[in-house]
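For the record, the sequence lines run as chains A and B. Using the working numbering, the first residue of the first sequence is number 1, and each one after it goes up by one. Using the working numbering, the first residue of the second sequence is number 214, and each one after it goes up by one. Glycine included, every Cβ here is placed at the ideal spot set by N, Cα and C. Please read these numbers as outputs of a predicted model, since none were measured by experiment. Let me begin by presenting the structure, written as structure tokens, before commenting on it.
Number of protein chains: 2
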Amino acid sequence: MGNKKVQKLPSIRRMPTYLHKLKQMRKNGLDTVSTTIMARYMNLEPIVIRKDLELTGVTGQPGVGYKIDELIDAIKSFLNWHNTAEAVLIGAGSLGRALLGYEGFEDYGLNIIAAFDADPSKIGAEINEREVFDINRLPEMTTRLQVNMGILCVPNEFAQEAADMMVEGGINAIWNFTNVSLDVPDHVVVQREVIASGLAVLSVKLNQQMLTD
Amino acid sequence: MGNKKVQKLPSIRRMPTYLHKLKQMRKNGLDTVSTTIMARYMNLEPIVIRKDLELTGVTGQPGVGYKIDELIDAIKSFLNWHNTAEAVLIGAGSLGRALLGYEGFEDYGLNIIAAFDADPSKIGAEINEREVFDINRLPEMTTRLQVNMGILCVPNEFAQEAADMMVEGGINAIWNFTNVSLDVPDHVVVQREVIASGLAVLSVKLNQQMLTD
DNA sequence: AAAATATAGATAAAAAAATATCGATACCCT
DNA sequence: AGGGTATCGATATTTTTTTATCTATATTTT
Ligand SMILES: NC(=O)c1ccc[n+]([C@@H]2O[C@H](COP(=O)([O-])OP(=O)(O)OC[C@H]3O[C@@H](n4cnc5c(N)ncnc54)[C@H](O)[C@@H]3O)[C@@H](O)[C@H]2O)c1
Ligand SMILES: NC(=O)c1ccc[n+]([C@@H]2O[C@H](COP(=O)([O-])OP(=O)(O)OC[C@H]3O[C@@H](n4cnc5c(N)ncnc54)[C@H](O)[C@@H]3O)[C@@H](O)[C@H]2O)c1
């Protein structure tokens with residue numbers, strides 16, 4: 001029914017950072033890791049990490065730690081990042097271009113296969129090896145290609161109509177970077193990225209810091 | 214001491230969305246709002262909103278709601294967004310350009326006054342009316358201009374050294390978009406923006422949705 | 001005017017998340 | 001080999017956040 005709550009949100013949000021650090025450690029030739037080390041890296045308490053990792057089902061070895069390979073695997077499974085998700089991006093503007101150029105997504109099982117835009121001067125262009133198509137072709141193309149994730153980067157005023165087209169095209173997961181709270185059917189999940197949230201947190205932190213010294 | 218925890222994080226993160234919606238309502242000529250309306254917009258329960266607003270110190274009128282103007286003001290004060298914060302941006306690459314071009318920051322009391330980069334082909338350029346300076350001038354300039362916020366958008370491998378330069382230049386708040394956990398003195402606050410966190414949440418949501426229908 | 005409805009605030013309860021404690025296991029160093 | 005240290009897992013506790021309940025106040029409808 002679309003309104004089920006996702007639990008353990010804070011833990012889920014930390015997973016990608018674990019993954020990143022673990023991959024880096026593996027590249028450096030390590031094969032085990034302790035929560036103490038992860039904790040120091042992330043500025044958290046070891047117990048937090050242990051609880052998070054518990055969610056993935058891995059078990060560590062008392063006195064030793066966890067096997068890095070196992071952990072990487074378990075986190076990927078937990079996040080469902082083993083089978084790469086194909087996505088389309090809507091709105092090849094300044095944010096859209098940045099996301100199209102972001103190398104990191106490979107590591108996160110995300111593959112942006114095409115972009116869509118309404119601006120004739122952008123349609124037909126290629127950005128980082130992905131073609132930009134006319135937004136009107138979106139429903140037809142996503143249906144045919146069976147894509148079920150859309151990354152929304154259009155200006156606020158077009159956000160809802162773009163979302164409607166995605167829904168029409170069978171997309172059921174929307175990563176929403178606009179400042180608009182979308183109205184979508186129950187079976188469609190939306191993750192809204194509010195960049196100002198981070199700024200708000202930083203402002204409050206800074207303020208508190210200044211008050212105490 | 215830098216390791217004090219910020220409380221009410223979830224509430225703080227919701228504030229900018231309230232602010233955005235409230236400003237929009239004001240533009241539409243409204244002057245009061247109820248938590249029911251806000252809740253419908255944000256897909257939350259009214260009680261959540263009421264608790265959040267309580268933090269700002271505003272009081273509403275039973276049977277009526279809150280005064281929009283008062284709310285906007287209270288939220289801005291709460292976030293310390295009344296006095297515009299000046300910031301510099303480090304790394305005028307694809308993400309950096311997007312941020313430099315983002316209009317939304319005006320509303321959030323953030324003013325990016327200059328950018329810094331190491332690439333000679335970028336130094337001297339102007340992006341959205343902000344000049345790009347040589348990264349080596351950062352410490353001197355931020356000291357002189359008394360800027361205390363830095364937005365970090367360099368490639369991961371240069372993140373720490375760029376952070377060091379910021380600290381040298383007297384910056385004490387870093388908005389960190391890199392995939393690196395920075396090592397900074399206690400008096401410097403850091404807010405790390407991990408874009409993959411949102412993707413992780415979306416993946417889990419999508420997975421749960423698919424399992425239940 | 002009375003009844004129905006919508007609302008905030010205060011307080012209480014429940015749920016979730018973070019943190020602590022402790023025993024068992026492994027490793028390291030002398 | 002033995003003592004010291006690091007580690008995990010299980011369980012318990014504390015803290016924080018979310019949600020519920022109930023009362024008083026305002027508005028709208030009849
Ligand atoms: N730029 C940033 O750093 C940033 C940060 C956070 C959030 N955002 C949000 O992301 C969204 C996009 O921002 P931006 O700065 O990239 O804007 P932009 O104007 O640079 O890009 C928007 C793109 O969408 C295209 N477009 C317009 N209408 C369209 C439609 N109906 N269908 C398809 N494409 C359409 C435009 O042609 C343009 O290419 C906005 O909602 C903004 O608030 C941007
Ligand atoms: N592109 C995205 O959508 C995106 C999303 C999330 C996070 N990030 C992160 O943001 C960071 C930047 O990503 P990007 O895609 O913009 O990379 P980019 O390569 O496009 O831009 C990096 C910029 O930093 C400059 N630079 C390099 N070394 C420097 C130094 N020592 N001092 C100052 N400037 C220096 C480069 O010249 C370049 O202009 C990375 O850490 C990336 O992981 C990017």
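Contact test: residue i Cβ vs ligand 2 heavy atom, cutoff 7 Å
{"i": "L44/A", "result": "no"}
{"i": "T212/A", "result": "no"}
{"i": "F346/B", "result": "no"}
{"i": "G273/B", "result": "no"}
{"i": "A375/B", "result": "yes"}
{"i": "G337/B", "result": "no"}
{"i": "A87/A", "result": "no"}
{"i": "I174/A", "result": "no"}
{"i": "N361/B", "result": "no"}
{"i": "Y102/A", "result": "yes"}
Proximity test, Cβ basis, 8 Å: residue i and chain A
{"i": "N256/B", "result": "yes"}
{"i": "R226/B", "result": "yes"}
{"i": "I240/B", "result": "Sequence inspection shows Lys at residue 240/B; the Ile mentioned does not correspond to that position. No, because no Cβ of chain A sits closer than 8 Å to the Cβ of K240/B."}
{"i": "A433/B", "result": "Look at the range of chain B in this structure, 214 to 426, and you will see that residue 433/B is not part of it."}
{"i": "S410/B", "result": "yes"}
{"i": "G317/B", "result": "yes"}
{"i": "S247/B", "result": "no"}
{"i": "A386/B", "result": "yes"}
{"i": "V414/B", "result": "yes"}
{"i": "E420/B", "result": "First, the residue type needs correcting, since residue 420/B is Asn and not Glu in the sequence shown. It does: the Cβ of N420/B has a partner Cβ on chain A nearer than 8 Å."}
CB contact flag (residue i, residue j, <8 Å)
{"i": "V277/B", "j": "V360/B", "result": "no"}
{"i": "D69/A", "j": "D31/A", "result": "yes"}
{"i": "G104/A", "j": "N128/A", "result": "no"}
{"i": "A372/B", "j": "T355/B", "result": "no"}
{"i": "L152/A", "j": "I174/A", "result": "yes"}
{"i": "N28/A", "j": "S394/B", "result": "no"}
{"i": "I250/B", "j": "T269/B", "result": "no"}
{"i": "K418/B", "j": "V184/A", "result": "no"}
{"i": "P352/B", "j": "G382/B", "result": "yes"}
{"i": "H187/A", "j": "Q421/B", "result": "no"}
{"i": "M15/A", "j": "A327/B", "result": "no"}
{"i": "M431/B", "j": "E299/B", "result": "Because chain B spans 214 through 426 in this model, residue 431/B falls outside it and cannot be assessed."}
{"i": "I49/A", "j": "T35/A", "result": "yes"}
{"i": "A98/A", "j": "S334/B", "result": "no"}
{"i": "D265/B", "j": "S290/B", "result": "no"}
{"i": "S410/B", "j": "R130/A", "result": "no"}
Any C-beta of chain B under 8 Å from that of residue i
{"i": "G101/A", "result": "yes"}
{"i": "T17/A", "result": "yes"}
{"i": "E193/A", "result": "yes"}
{"i": "R97/A", "result": "yes"}
{"i": "S121/A", "result": "no"}
{"i": "H82/A", "result": "no"}
{"i": "V189/A", "result": "yes"}
{"i": "S77/A", "result": "no"}
{"i": "N179/A", "result": "yes"}
{"i": "V282/A", "result": "Past the boundaries of the shown model lies residue 282/A; chain A is included only from 1 to 213, so the question cannot be answered."}
{"i": "R88/A", "result": "The sequence as given places Val at residue 88/A; Arg does not occur at that position. Not an interface residue."}
{"i": "D213/A", "result": "yes"}
{"i": "L152/A", "result": "no"}
{"i": "R50/A", "result": "no"}
Contact test: residue i Cβ vs ligand 1 heavy atom, cutoff 7 Å
{"i": "T230/B", "result": "no"}
{"i": "L95/A", "result": "yes"}
{"i": "N111/A", "result": "no"}
{"i": "P155/A", "result": "yes"}
{"i": "A311/B", "result": "yes"}
{"i": "I151/A", "result": "no"}
{"i": "A229/A", "result": "The question about residue 229/A has no answer, for chain A in this structure spans 1 to 213."}
{"i": "T249/B", "result": "no"}
{"i": "T356/B", "result": "no"}
message: With three or more beta-carbon pairs closer than 8 Å as the criterion, would you say the stretch 103-112 of chain A touches the stretch 74-82 of chain A?
response: yes
Stretch-stretch touch, CB-based, cutoff 8 Å, three pairs: the stretch 123-136 of chain A with the stretch 394-412 of chain B: no
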